[in-house]
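2 protein chains.
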Amino acid sequence: MPEYSGAGDPKHTLELLWGVRERPRRGPRPKLTVERLVTAAIAAADADGLNALSMRRIADDLGVSPMSIYTYVPGKAELIDVMVDRVLGELTPADGVPGGWRARLEHIARDNWALFHRHPWLLHVAIVRPPMGPNVLAKYEFELRAVDGIGLTDLEMDAVVALVIGFAESSARVSVNAAEAERRSGISDEAWWAATAPVLEKLIDGAAYPLGERVGTAAGQEYNAAVAPARAFEFGLGRILDGIEVLIASR
Amino acid sequence: MPEYSGAGDPKHTLELLWGVRERPRRGPRPKLTVERLVTAAIAAADADGLNALSMRRIADDLGVSPMSIYTYVPGKAELIDVMVDRVLGELTPADGVPGGWRARLEHIARDNWALFHRHPWLLHVAIVRPPMGPNVLAKYEFELRAVDGIGLTDLEMDAVVALVIGFAESSARVSVNAAEAERRSGISDEAWWAATAPVLEKLIDGAAYPLGERVGTAAGQEYNAAVAPARAFEFGLGRILDGIEVLIASR
DNA sequence: CCCCAACTCTGTACGCCATACGGTGTAATA
DNA sequence: TATTACACCGTATGGCGTACAGAGTTGGGG
Chain H
1 MPEYSGAGDP
11 KHTLELLWGV
21 RERPRRGPRP
31 KLTVERLVTA
41 AIAAADADGL
51 NALSMRRIAD
61 DLGVSPMSIY
71 TYVPGKAELI
81 DVMVDRVLGE
91 LTPADGVPGG
101 WRARLEHIAR
111 DNWALFHRHP
121 WLLHVAIVRP
131 PMGPNVLAKY
141 EFELRAVDGI
151 GLTDLEMDAV
161 VALVIGFAES
171 SARVSVNAAE
181 AERRSGISDE
191 AWWAATAPVL
201 EKLIDGAAYP
211 LGERVGTAAG
221 QEYNAAVAPA
231 RAFEFGLGRI
241 LDGIEVLIAS
251 R
Chain F
1001 MPEYSGAGDP
1011 KHTLELLWGV
1021 RERPRRGPRP
1031 KLTVERLVTA
1041 AIAAADADGL
1051 NALSMRRIAD
1061 DLGVSPMSIY
1071 TYVPGKAELI
1081 DVMVDRVLGE
1091 LTPADGVPGG
1101 WRARLEHIAR
1111 DNWALFHRHP
1121 WLLHVAIVRP
1131 PMGPNVLAKY
1141 EFELRAVDGI
1151 GLTDLEMDAV
1161 VALVIGFAES
1171 SARVSVNAAE
1181 AERRSGISDE
1191 AWWAATAPVL
1201 EKLIDGAAYP
1211 LGERVGTAAG
1221 QEYNAAVAPA
1231 RAFEFGLGRI
1241 LDGIEVLIAS
1251 R
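Protein chains in written order, with my numbering: chain H, 1 to 251; chain F, 1001 to 1251.
Structure, rendered in structure tokens:
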């Protein structure tokens, strides 16, 4: 069960994202700021994953009581929205990248791939109704700039960008999930397979899956688990950009 | 926070997947079977999502106490493994599809897309260390068969299949997340945007995001939320298959 | 200058969750 | 018939988000 973005009151969330809350005129000085809250939450999520990100945990890290967090943020959903916009600010435009649209899209894909590895919890937030903060808007803008003026229609520009971003997310997910499974179980992929394979062999008919056995073992030997996702990313990115090139060339 | 496949004891999980538990020789007749349990769990997850899939809920549906479920299954993780293998059995081989490798890969992509929409919870299970049941193995086998004998190396066959499957998952995720957000919030995408847009306009500089505004509104008008994910799927699939065609043609 | 409104912070409590543990009753075997 | 293996269940533990009510603090209005 993922967390969902865009689950809170739109108006309140937007005010948080853009930091337009007016300072309170009366009452005690606040101990915290939304900024500090979000920073602590991101640090916790980076370190221990989205499962470990609880309001109690953040409060402990900040030395306040759990409920006082609700002074700054209406709920966990809105907090996550702000976290998402914040880390998306780490992405960089492809404007200066030499090599044309292909190099620019490659930059965007690699940049996203790296971001998902720096903040793996991002993959476990279902980003629908994206938090329309400054960084989300800037991201969309410079993504489109990467494919502007190369003969695509507006709709195609949007579709091409979505395809590349979606691919980066999808392949990063494989990689991140594998790393998280290893960390959480304490069992490496190799050890898991070593425990699984002999039991499996006793269960299946030897000749039932000829292709799967041949290709599976070939892939397993050539790419050990540590680099396999990275290779899949490189391969897929190449094919997708080739496909986009076909489209552009047809114009 | 997703659920994870492959989180249980490999040996026990495999025995469940292949149904090789020997019948108990003594003791009371079991009220349930693993089959019935899995069927009920899938029905609950289909109807109300993975969040609503609790051991208590399944037990209620089946008329037993929560703890008795642990007689059949070591824990929730293993139950989900069996659920996954079960529903993957709904996928069909592309063997008889006319039109060569391209049509076969299209069939596989569409078949997966449809499966994810029939069982949206599948997207919220992080499938690492896949449950090596009969259906998972069969799936991999017939996926490879779709690209066998067209001039690709074993490693390329594996990579091409992974690319297409990953794309289908990725684009289905967008679609499913949108539908789930709508259902869980009771607010349609249009209504959400109608609440968001005016607040947003007051916050941002009018000329700050020229491309985003132009392309975003164009995409929003052309594809309403209901069909946008399906269009993105068709567009992306076309580009990816084009890219694969470039590879195959280079042989 | 004082009082009160506005505000921050906190303790407690509720209803969820998975599941560990120990006990109870049943059915087939020795 | 006695034993043993087993299914089933009640209770309890420690987690979660957050509703609610109260306590304490500050600045502005009279």
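By construction, the Cβ of each residue, glycine as well, lies at the ideal position given by its N, Cα and C atoms.
_For Glu15 (chain H) and Glu1106 (chain F), the rounded distance between their alpha carbons_ = Here residue 1106 (chain F) is taken as the residue at index 106 of the second sequence, counted from 1. Here residue 15 (chain H) is taken as the residue at index 15 of the first sequence, counted from 1. C-alpha separation (whole angstroms): 44 Å.
*Whose C-beta lies closer than 7 Å to the C-beta of Leu1088 (chain F) among residues of the same chain, with five residues either side of it excluded?*
What you label residue 1088 (chain F) is simply residue 88 of the second sequence in a count that begins at 1. Answer for Leu1088 (chain F): Asn1135, Val1136 and Lys1139, listed in chain order.
*If you draw a straight line from the C-alpha of Glu169 (chain H) to the C-alpha of Ala1218 (chain F), how long is it?*
Working through the first sequence from its first residue, we reach residue 169 (chain H) at position 169. Working through the second sequence from its first residue, we reach residue 1218 (chain F) at position 218. Cα to Cα, Glu169 (chain H) sits roughly 24 Å from Ala1218 (chain F).
_Where the stretch 1052 to 1064 of chain F meets chain H: residues whose CB sits under 7 Å from a CB there_ = So nothing in the stretch comes that close.
*Output yes or no for whether 8 Å exceeds the beta carbon distance between Val1125 (chain F) and Glu1003 (chain F).*
By one-based count along the second sequence, residue 1125 (chain F) stands at place 125. By one-based count along the second sequence, residue 1003 (chain F) stands at place 3. Closer than 8 Å, so yes.
*Which two residues bound the contiguous alpha helix (DSSP H) that contains Tyr140 (chain H)?*
Position 140 of the first sequence holds residue 140 (chain H). First-last of the alpha helix (DSSP H) with Tyr140 (chain H): Pro134 to Ala146.
*Return yes when the Cβ of Leu1053 (chain F) is within less than 8 Å of the Cβ of Ala1040 (chain F), no when it is not.*
Translated into the one-based positions of the second sequence, residue 1040 (chain F) becomes position 40. Translated into the one-based positions of the second sequence, residue 1053 (chain F) becomes position 53. Taking 8 Å as the Cβ cut-off, Ala1040 (chain F) and Leu1053 (chain F) do not qualify as a contacting pair.
_Check this for me: beta carbons of Phe233 (chain H) and Trp113 (chain H), under 8 Å apart or not?_
Within the first sequence, the letter at position 233 stands for residue 233 (chain H). Within the first sequence, the letter at position 113 stands for residue 113 (chain H). Yes, Cβ-Cβ distance for Phe233 (chain H) and Trp113 (chain H) is below 8 Å.
*Note the first and the last residue of the continuous alpha helix (DSSP H) segment covering Pro10 (chain H).*
Your numbering for residue 10 (chain H) matches position 10 in the first sequence. Pro10 to Trp18 is the span of the alpha helix (DSSP H), which, as asked, contains Pro10 (chain H).
*Note down the Cα distance separating Glu35 (chain H) from Lys11 (chain H), rounded to an integer number of angstroms.*
If you number the first sequence from 1, residue 35 (chain H) lands on position 35. If you number the first sequence from 1, residue 11 (chain H) lands on position 11. Roughly 19 Å separates the two Cα atoms.
*Take the Cβ of Asn224 (chain H) as the centre, count every other Cβ of all protein chains shown within 10 Å, and call the residue buried at 16 or more, exposed below.*
In the first sequence, residue 224 (chain H) corresponds to position 224, counting from 1. So Asn224 (chain H) ends up on the exposed side.
*So which residues on chain H does Gly1099 (chain F) lean against when the C-beta distance must stay under 8 Å?*
For the purposes of this step, residue 1099 (chain F) is taken as residue 99 along the second sequence, with counting starting at 1. Correct list: empty, because the minimum Cβ distance to chain H is about 18 Å.
_Whole-angstrom distance between Ala249 (chain H) and Gly6 (chain H), CA atom to CA atom_ = Position 6 of the first sequence, counted from the first residue, corresponds to residue 6 (chain H). Position 249 of the first sequence, counted from the first residue, corresponds to residue 249 (chain H). C-alpha separation (whole angstroms): 38 Å.
*Is Ala126 (chain H) helix, strand or coil by DSSP?*
Taking the first residue of the first sequence as position 1, residue 126 (chain H) is located at position 126. The answer is strand: DSSP assigns Ala126 (chain H) an E or B state.
_What does the Cβ neighbour count give for Ala1230 (chain F), buried or exposed, with the cut at 16 atoms within 10 Å?_
Within the second sequence, numbered from 1, the residue matching residue 1230 (chain F) stands at position 230. By the neighbour-count rule (16 or more Cβ atoms within 10 Å), Ala1230 (chain F) is not buried but exposed.
*Measure how close the beta-carbons of Arg1173 (chain F) and Ala181 (chain H) come, nearest whole angstrom, since I'm counting them as under 8 Å.*
In the second sequence, the residue the question calls residue 1173 (chain F) occupies position 173. In the first sequence, the residue the question calls residue 181 (chain H) occupies position 181. Rounded, the Cβ-Cβ distance is 19 Å, inconsistent with contact.
*Using alpha carbons as the reference points, say which of F:Lys1202, F:Ser1068 and F:Gly1096 lies closest to Pro1030 (chain F).*
Counting from one through the second sequence, the residue named residue 1030 (chain F) turns up at place 30. Checking every option, the nearest Cα to that of Pro1030 (chain F) belongs to F:Ser1068.
*asked:* Our contact map puts Leu37 (chain H) next to Tyr72 (chain H) with C-beta atoms below 8 Å; I'd like the distance itself, whole angstroms only.
replied: Position 37 of the first sequence holds residue 37 (chain H). Position 72 of the first sequence holds residue 72 (chain H). Distance from Leu37 (chain H) to Tyr72 (chain H) at the Cβ level is roughly 5 Å; contact confirmed, criterion being Cβ atoms closer than 8 Å.
*Within 10 angstroms of the Cβ of Thr33 (chain H), are there 16 or more other Cβ atoms? Answer buried if so, exposed if not.*
Looking up residue 33 (chain H) in the first sequence gives position 33. By the neighbour-count rule (16 or more Cβ atoms within 10 Å), Thr33 (chain H) is not buried but exposed.
*asked:* Could you check whether Leu17 (chain H) and Met132 (chain H) sit closer than 8 Å to each other, using their CB atoms as the reference points?
replied: Within the first sequence, numbered from 1, the residue matching residue 132 (chain H) stands at position 132. Within the first sequence, numbered from 1, the residue matching residue 17 (chain H) stands at position 17. Closer than 8 Å, so yes.
*Excluding sequence positions up to five away, which residues of its chain have a Cβ less than 8 Å from the Cβ of Gly1008 (chain F)?*
Along the second sequence, read from residue 1 onward, the residue named residue 1008 (chain F) stands at position 8. For Gly1008 (chain F), where only same-chain residues beyond five positions count, the Cβ hits under 8 Å are Pro1074, Gly1075, Ala1077, Glu1078 and Asp1081.
*If you drop the 5 nearest sequence neighbours on each side, which residues of the same chain put their C-beta closer than 8 Å to that of Glu1176 (chain F)?*
As a working mapping, residue 1176 (chain F) is identified with position 176 in the second sequence. Checking the sequence shown, residue 1176 (chain F) turns out to be Val, not Glu. Phe1116, His1117, Pro1120 and Leu1123, listed in sequence order.
*Would you kindly work out how many angstroms separate the C-alpha atoms of Ile1240 (chain F) and Gly243 (chain H), rounded to a whole number?*
As a working note, residue 1240 (chain F) is residue 240 in the second sequence. As a working note, residue 243 (chain H) is residue 243 in the first sequence. Their backbone Cα atoms lie some 6 Å apart in a straight line.
*Distance between beta carbons of Ile1127 (chain F) and Val1164 (chain F), contact taken as under 8 Å*: The residue you call residue 1164 (chain F) lines up with position 164 of the second sequence. The residue you call residue 1127 (chain F) lines up with position 127 of the second sequence. About 16 Å; that fails the 8 Å criterion.
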